[in-house]
Amino acid sequence: MPLSFRKTQILELAQEAGHVSVEDLASRFGVTLQTIRRDLSELADDGMLARVHGGAVVPQGAANIGYAERRTINKEAKAAIARLCAAEIPDNSSVLLNIGTSTEAVAMELLGHANLTVITNNMKVANILAANPSCQIIVAGGVLRHSDGGLVGDLTTQAIEQFKVDRAIIGTSALDPDGDLMDFDIQEVRVSRAIIQRSRQVFLVTDRSKLTRSAPVRIASLRDLDAIFTDYLPDDLIARCREWETRVCLTREG
Numbered sequence: 371m372p373l374s375f376r377k378t379q380i381l382e383l384a385q386e387a388g389h390v391s392v393e394d395l396a397s398r399f400g401v402t403l404q405t406i407r408r409d410l411s412e413l414a415d416d417g418m419l420a421r422v423h424g425g426a427v428v429p430q431g432a433a434n435i436g437y438a439e440r441r442t443i444n445k446e447a448k449a450a451i452a453r454l455c456a457a458e459i460p461d462n463s464s465v466l467l468n469i470g471t472s473t474e475a476v477a478m479e480l481l482g483h484a485n486l487t488v489i490t491n492n493m494k495v496a497n498i499l500a501a502n503p504s505c506q507i508i509v510a511g512g513v514l515r516h517s518d519g520g521l522v523g524d525l526t527t528q529a530i531e532q533f534k535v536d537r538a539i540i541g542t543s544a545l546d547p548d549g550d551l552m553d554f555d556i557q558e559v560r561v562s563r564a565i566i567q568r569s570r571q572v573f574l575v576t577d578r579s580k581l582t583r584s585a586p587v588r589i590a591s592l593r594d595l596d597a598i599f600t601d602y603l604p605d606d607l608i609a610r611c612r613e614w615e616t617r618v619c620l621t622r623e624g
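This note's numbering numbers the first residue of the sequence shown as 371 and each following residue consecutively.
Below, the structure is given as structure tokens:
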């Protein structure tokens, strides 16, 4: 079921702080304690939160790292990955970019490209590419996630479904040993799946840190993608990608 605006905000607050209280939420949203308890129970039923006395907490293994911290993790590697990926994006083409610090790094590398049409649900990507005067930018509207400038929800998914682009460039919060792309927010995952479906080619940009992380929601498999751009991939996953005909593009550091 799609989340209401209030429950989306509750989930975002919980993911940022690790926990929320019924009284604080009722005061923030101007609703009754009973309404908040019902919201928390429904989020718990969906596996997004765990109910505790007086509120709810983020389940173990379901909390994302804060945006500011994510920006600093493997920063140089992300820049190298972004350059490798951007080199395969031709001028005069259409591109979809989703939420994430890795896709933001790619946006920086696309500043010198000419006549791109970029569709994104990432406000930071849009702001970066606004400095490229030949780039047409289309923002897929939806519910703004204040923590990272991402747009999510049904409106975002519906907007993405109006397009068919040459290439998608996506990030992921975690890369499972089986080759599955994983994330934390089911609404963001729905948007990412729509991006994959509406693109002729799909490129994943991710660094080695995602191999040591876990997240609860599956986006897709590497078998569903055309290429992965990274600084490292285990030999067994490289072998699987070869079987799946998914190109593995490693930076020199890899």
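Glycine included, each C-beta is placed from N, C-alpha and C at the ideal position.
Excluding five sequence positions before and after I608, the CB atoms of its chain that fall closer than 8 Å to its own CB belong to V618, given in chain order. Taking 3 residues as the shortest admissible run, the stretch 449-529 contains the following complete beta strand (DSSP E) segments, listed from N- to C-terminal end: 464-467, 487-490, 506-509, 513-515, 520-522. For the stretch 526-609, the full-length beta strand (DSSP E) segments reaching 3 residues or more read 535-540, 550-553, 569-575, 587-591, 597-600 along the chain. DSSP places V392 in the uninterrupted alpha helix (DSSP H) bounded by 392-399. Here the alpha carbons of C455 and L620 stand approximately 10 Å from one another. 8 Å or more divides the Cβ of V488 from the Cβ of E474. Counting other Cβ atoms within 10 Å of its Cβ, E531 stays below 16 and is therefore classed as exposed. With contacts defined by Cβ atoms closer than 8 Å, Q567 and R537 do not form a contacting pair.
Separation of the CB atoms of T600 and T582 is rounded to 13 Å, and the pair is thereby denied contact status at 8 Å. In this structure, S472 sits near G541, with a CB-CB distance shorter than 8 Å. R622 sits in coil when the DSSP states are folded into three classes, being neither helix nor strand. For V427, the enclosing beta strand (DSSP E) covers residues 425-427.
Sequence-distant partners of L480 (beyond 5 residues in either direction) whose C-beta falls short of 8 Å from its own C-beta, in its chain, are A456, I459, V465, L486, V488, L499, N502, C505.
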